[in-house]
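Notes follow once the structure below has been shown.
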Amino acid sequence: MRFSSILTSFFVFTSVSIATDAQLVPSKANCLVLWAYFPKQVSYAESPAYNTTNSQFWDQTCILSPTCIFYPTSAHDVSIALKYLTSVKGRFAVKSGGHFSIPGYNNINDGVLISTERMKAMTWKAGDTVLELGAGVLWGEAYAKAAEKHKVVVGGRIPDIGVSGFLLGGGLSFIGAEYGFGCDNVVGFEIVLANGDIVYANGSKYADLYKALKGGSSNYGIVTRFDVSAYPDAGGWGGQLLFAIDSNATRERMLDAIADFHINGALDKKTGVIASFLTWPELGLNAFLGNVFYSQSVPTNSPPAALAGLLAVTGTAGLGNKTLGEVVSGTGAGATKGTARNTFHVGSVVATKESIHKVDEIFHAEFAKLANVPGLRTVLVFQAIPPSFVYAGYKNGGNPMGLDASRGTVSWISQSLSWKNAADESKIKLAQRTAKNAYMSWATANGLADKFLYLNDADEFQDVFASYGSENEKFLKKVKKVYDPERVFEKLMPGGYKV
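Under mature numbering (1 follows the signal peptide of the UniProt record, and there is no 0), read the sequence shown as residues -22 to -1, 1 to 477, first letter to last.
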């Protein structure tokens, strides 16, 4: 680093620290210090780099106004920045893929946005059984890297989802029934703690932190590298189904097929399905959207038996022998970032024919009342979580999410809503909560309620960590006190779910 830059950094740091008596330093001064130390790694508003980074969010409401954006390239860079920001109580946020749809969870107004997008290193280790992924890697990139060695990794189902948020929130994958959640397949985390220390947490060193990071989100530090297990690629079969729902009878048949898959088909560990109902009232669209992957190649005329019920309704158009990466790329086809308002809301019920039908009935009745909301698109997703998801996690040391495998397959119910105008946000979110409360009340009365809330599909009003169970929540809080005793990742990084 140039001597002049060192001097600039020193004088700015000293002047703002003395002037504020260790109180909150204006974010412009913090950006100036970072720029002095990292002149090629800081961008300001209206610059091309800033505008590009600040537009790469799935939800337009997450496009905020950070004072500057810092682009670390290593854990050392993050450490230097974090030491400075904590010393002057500088506010910040961290962005990886930008897929979370809650404003402030991956961006910030009047603060420093730390973007990991230049941390793209991917390195093979341990005889090509472990792939090191920098915090800025996207899952499409990770699948491509794994394919070079004829391997697969347990990752996201859309190619431009970042590895960081996905893994720290649990991680639901097409191959999870066989290998568990994404977090269960992380063998080690390189993380920068609140005091700037860089540590490597795995099953034998910093084991409490290692476990907490598997579903504990961003409460403990900034993870700069994820070392994930890679498995032999046995080929694959799948693709995307789009099937018109043209009558109530067709919807009933489709719901029966989804229920059958949950109860029977999902027990085949090689099977992964995203089963969704899509409505777009302005276009008169009412359809089933299915994203399917079977982790083994099959003869063209012999689709997997586990999918027979679904395919009997939809047919097999668009499906065939494809790699996991190819299927994931298709899942994200046509997705446009930052062009709509979006929100998620999640719940969970034990999967039966009755529960699948009841959830659908309640959800679509509630949102039929809002059919005239401009730009409204509704997606109701049924995600089968068979016991093998949980058991695979046990084999890898467990996680703190508290999932209960004893009740058989559960369905995670994700409500994904998009609309046009800010004025409609409150009614959309109220309808989500109303629908969820109604189907959970029914499920509770019928002994089919499940408490778990999947962090990566939750909204800001949902108490995710309480859903992990009291003992797991206590564990997460205990680990928090050890590694972030001053609660830096709460007070200075306001976004995200807090323990």
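Cβ coordinates follow ideal geometry from the N, Cα and C atoms, glycine included.
All values reported here derive from a predicted model rather than from experimental measurement.
Collapsed DSSP secondary structure at Ser280 in the structure displayed: coil
Cβ neighbour criterion (16 or more within 10 Å) applied to Val141: buried
Residue from Asp462, Ser307, Val457, Val466 whose Cα sits closest to the Cα of Lys192: Val457
Whole-number beta carbon distance between Ala444 and Glu451, since they are thought to touch under 8 Å: 6 Å
Contact under 8 Å by Cβ, Val388 with Val327: yes
Confirm, please, whether the CB-CB distance from Asn320 to Trp102 is below 8 Å. no
Mind listing, in chain order, the continuous beta strand (DSSP E) runs of no fewer than 3 residues lying wholly within the segment 5 to 60? 20 to 22, 46 to 48
From Glu230 to His335, what does the alpha carbon distance come to, in whole angstroms? 8 Å
Mind checking if Lys183 is an interface residue toward chain C, Cβ cutoff 8 Å exclusive? This model lacks chain C altogether; it includes just one protein chain.
Count the other C-beta atoms from every protein chain shown that fall within 10 angstroms of the C-beta of Leu263, then say buried if there are 16 or more, exposed otherwise. exposed
Just checking my contact of residue 483 with Gln361 at CB under 8 Å: how many whole Å lie between their CB atoms? In the structure displayed, the chain extends from -22 to 477; residue 483 sits before or after that span and is not available.
Consult DSSP for Thr249 and reduce its assignment to one of helix, strand or coil. strand
Own chain residues within Cβ distance below 6 Å of Gly473, not counting five before or after: Ala71, Gly82, Tyr83
Spell out the partners DSSP gives Ile100 in its beta bridges. For the record, residue 100 in the displayed sequence is Met; it is not Ile. DSSP lists Leu111 as partners of Met100.
For Arg319, list the residues DSSP reports as bridge partners. Trp397
Got a sec, what are the start and stop residues for the beta strand (DSSP E) Arg355 sits in? 355 to 363
Going by C-alpha distance, which of Glu304, Asn299, Gly296, Met232 is nearest Gly287? Met232
Just to check my reading of the structure: Arg69 and Ser5 have Cβ atoms closer than 8 Å, yes? What is that Cβ distance to the nearest angstrom? 7 Å
Below 6 Å CB to CB, which residues in the same chain sit around Asn269 once its five sequence neighbours on both sides are set aside? Gln218, Ile252, Thr309
Might you give, ordered along the chain, the residues of its own chain that have their beta carbon closer than 7 Å to the beta carbon of Tyr188, omitting 5 neighbours on each side? Phe167, Ala179, Asn180, Gly181
What are the boundary residues of the beta strand (DSSP E) that Thr202 is part of? 200 to 210
Between Asp435, Ile223, Arg135, Ala343, which has its C-alpha nearest Tyr417's C-alpha? Ala343
By the 10 Å Cβ neighbour count, where 16 or more other Cβ atoms means buried, how is Ala421 classified, buried or exposed? buried
Contact set for Tyr28: own chain, Cβ-Cβ below 7 Å, skip 5 residues either direction: Ser21, Tyr22, Ile47
Tell me the rounded alpha-carbon separation between Gly89 and Leu267. 40 Å
Might you give, ordered along the chain, the residues of its own chain that have their beta carbon closer than 6 Å to the beta carbon of Leu426, omitting 5 neighbours on each side? Val327, Val328, Ser333
Which runs of the beta strand (DSSP E), 3 residues or longer, sit entirely within the segment 109 to 162? 129 to 131
Ile80, DSSP secondary structure in three states: coil
Quick check: the segment 276 to 285 against the segment 238 to 255, are there 3 or more CB pairs under 8 Å? yes
Does the segment 110 to 125 come close enough to the segment 190 to 207 to have 3 or more Cβ pairs within less than 8 Å? yes
State yes or no: is the C-beta of Ala222 within less than 8 Å of the C-beta of Ala265? yes
Rounding to the nearest angstrom, what Cα-Cα distance links Ser(-14) and Val11 in this structure? Because Ser(-14) carries a pLDDT of 45, less than 50, the predicted location of this residue cannot be relied on, and the following value inherits that uncertainty. If I take the Cα positions, the gap works out to 5 Å.
Report all residues from its chain with a CB closer than 8 Å to the CB of Asn87; omit the five preceding and five following residues, and keep chain order. Leu42, Ser43, Pro44
Using only CA atoms, which one of Gly293, Gly325, Gly214 lies nearest to Pro277? Gly214
Classify Tyr372 as buried or exposed, calling it buried when 16 or more other Cβ atoms lie within 10 Å of its own Cβ. exposed
Beta bridge counterpart(s) of Lys73 as assigned by DSSP: Ser93
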